[in-house]
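Trainee: This is the structure, below, for whatever I ask next.
Residue numbers (the working numbering): 151 to 515.
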């Protein structure tokens, strides 16, 4: 068994969906946590490394503690580890459960021959118990990262949240009554790949979940639903044959295609609305419209546009353009039933929107 085979089993094309919520939340909250004005006119001191931020004592001399960039980056990377390893664990668990149920019986050959990604269990290339063990190892690594986040932040309820995430990953297609077979998979993807991952990262980093994070979370959740819809459109015949009542099976191919194309468009429209509302280009170039003045020694002085704001505004604009292009390509691929080409387009939309939202909120607009 080669490393390439295990990488294939981890389904790397789905991993952008795990990375994007952490990326969006960490970029979006950076300005608030690191550069925000905590406390009031009282003195400040560094936050403790372990145990989270202590409450403000109204009668004390210190305001809210200051978060170090190193701590922020460390927690972000640990949250990323949680998301990635949970995703990989769910992918291996899916491979195992569908393989032993026979739902992946058409996945034994190569993708070039069947038009569908080859599965480890169904192909017989890897024994089912080893695929299940790989899921367990990945889940254990996610738990290690999650416990580290819990210790650093002091939010012990994260343990319960992690257990819920593990259960959701397993019972999607595992267990006696998998909810993925009853049409709840799409809703679960929205919740866990959108709301939980994004809002959870935000709370770990800042002890708060502002509206902007919920907005980003919903947009990324819609992208994740779109990715699952594309995946299920490809598998619609096999799923119907094995009693897997996904939204695509319930809606049928024609209406399912409309929904699969609509989800990324809704997410892109949410980013476009944020872009239009905050208008990063006008914000970046606002100083250029101010008149020049005369200094005390008689020299002419003109306002300088911060290069950082220009770069951030340009990045937001590029990501908006990328999102539009991906949505157009995705729609055309879906209409042509070219699901193998549509799936990576849908997956790439997630990091594009995460970067766009993150750059937009880094401006503090």
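Just so it is clear, CB atoms sit at the ideal spot from N, CA and C, and this is done for glycine as well.
What span of residues does the alpha helix (DSSP H) with residue 304 cover, start to end?
Mentor: Taken as a continuous stretch (DSSP letters only), residue 304 belongs to no alpha helix (DSSP H), as it is neither H nor E.
Trainee: Grouping DSSP H, G and I as helix and E and B as strand, with all else coil, what is residue 189?
Mentor: Here residue 189 scores only 47 on pLDDT, less than 50, and its place in the model should not be relied on; the value that follows carries that caveat. Of the three classes helix, strand and coil, the one that applies to residue 189 here is coil, per DSSP.
Trainee: Quick check on residue 189: buried or exposed, where buried means 16 or more other Cβ atoms within 10 Å of its Cβ?
Mentor: With a pLDDT of 47 at residue 189, under the threshold of 50, the predicted position of this residue should be treated as unreliable, and no value is reported.
Trainee: Check the DSSP bridge columns for residue 216 and list the partner residues they point to.
Mentor: 196
Trainee: Do the region 463–481 and the region 343–360 meet, that is, are 3 or more Cβ pairs less than 8 Å apart?
Mentor: no
Trainee: Name the two residues that bound the continuous alpha helix (DSSP H) containing residue 501.
Mentor: 489–512
Trainee: Mapping the DSSP letters down to three states, classify residue 475 as helix, strand or coil.
Mentor: Residue 475: helix per DSSP, three-state reduction.
Trainee: Note down, in chain order, each residue of its chain lying with its Cβ closer than 7 Å to the Cβ of residue 512, except the 5 sequence neighbours on either side.
Mentor: Closer than 7 Å at Cβ, skipping near neighbours: 177, 180, 181 and 462.
Trainee: What number of angstroms, rounded off, separates the C-alpha of residue 191 from the C-alpha of residue 206?
Mentor: Note on residue 191: pLDDT 49, under 50, position unreliable in the model; no value is reported.
Trainee: Tell me whether the beta-carbon of residue 411 lies closer than 8 Å to the beta-carbon of residue 383.
Mentor: Their beta carbons are not under 8 Å apart, which means residue 411 does not touch residue 383 by this criterion.
Trainee: Please state the DSSP three-state secondary structure of residue 160.
Mentor: Here residue 160 sits in coil by DSSP.
Trainee: Alpha carbons only, please: which of 312, 286, 284 and 288 is nearest the one belonging to residue 297?
Mentor: 312
Trainee: Apart from the five residues on each side of it in sequence, which residues of its chain come closer than 8 Å, Cβ to Cβ, to residue 187?
Mentor: Below a pLDDT of 50, predicted positions are generally treated as unreliable, and residue 187, at 48, falls in that range; no measurement from the model is reported.
Trainee: Short check: CB of residue 419 to CB of residue 174, under 8 Å?
Mentor: no
Trainee: What separation, rounded to the nearest whole angstrom, lies between the Cα atoms of residue 239 and residue 472?
Mentor: 30 Å
Trainee: Could you compute how far the alpha carbon of residue 349 sits from the alpha carbon of residue 423?
Mentor: About 20 Å.
Trainee: With residue 155 and residue 287 assumed to form a contact (beta carbons below 8 Å), what rounded beta-carbon distance in angstroms separates them?
Mentor: The pair is not a contact, with the Cβ atoms about 16 Å apart (cut-off 8 Å).
Trainee: Looking only at C-alpha atoms, which of 292, 270 and 301 sits nearest to residue 198?
Mentor: 301
Trainee: For residue 386, report the span of its alpha helix (DSSP H) as first-last.
Mentor: 386–391
Trainee: Quick check on DSSP: helix, strand or coil for residue 459?
Mentor: helix
Trainee: I'd like the list of long-range same chain contacts for residue 253, defined as Cβ closer than 6 Å, with 5 residues on each side in sequence excluded.
Mentor: 392
Trainee: What would DSSP say about residue 275, mapped onto helix, strand or coil?
Mentor: coil
Trainee: Taking one C-beta from the region 349–361 and one from the region 158–170 each time, how about it: are there three or more such pairs within less than 8 Å?
Mentor: These segments do not touch.
Trainee: If you count every other CB in all the chains shown that lies within 10 Å of the CB of residue 397, and 16 or more means buried, which is it?
Mentor: buried
Trainee: Can you find the residues in the same chain that come closer than 7 Å, C-beta to C-beta, to residue 196, ignoring five residues on each side of it along the sequence?
Mentor: Hits under 7 Å: 215, 216 and 218.
Trainee: Determine the contact status of residue 496 and residue 377, defining contact as a CB-CB distance below 8 Å.
Mentor: In this structure, residue 377 lies closer than 8 Å to residue 496 by Cβ.
Trainee: Less than 8 Å separating the beta-carbons of residue 362 and residue 170?
Mentor: no
Trainee: With burial defined as no fewer than 16 other Cβ atoms inside 10 Å of the residue's Cβ, what is the status of residue 152: buried or exposed?
Mentor: Counting Cβ neighbours within 10 Å, residue 152 comes out exposed, since fewer than 16 surround it.
Trainee: Beta carbon of residue 247, beta carbon of residue 299: below 8 Å?
Mentor: no
Trainee: Taking C-beta to C-beta, are residue 374 and residue 500 nearer than 8 Å?
Mentor: yes
Trainee: Could one say the Cβ of residue 505 lies closer than 8 Å to chain C's Cβ atoms, at least one of them?
Mentor: Considering every chain present, this structure includes no chain C. It has just one protein chain.
Trainee: If you draw a straight line from the alpha carbon of residue 223 to that of residue 229, how long is it in whole angstroms?
Mentor: Cα-Cα distance, rounded: 10 Å.
Trainee: Taking buried to mean at least 16 other C-beta atoms within 10 Å of its own C-beta, is residue 310 buried or exposed?
Mentor: Exposed, because fewer than 16 other Cβ atoms sit within 10 Å of the Cβ of residue 310.
Trainee: My guess is that residue 234 and residue 165 are in contact by the Cβ rule of under 8 Å, so how many angstroms apart are they, rounded?
Mentor: 6 Å
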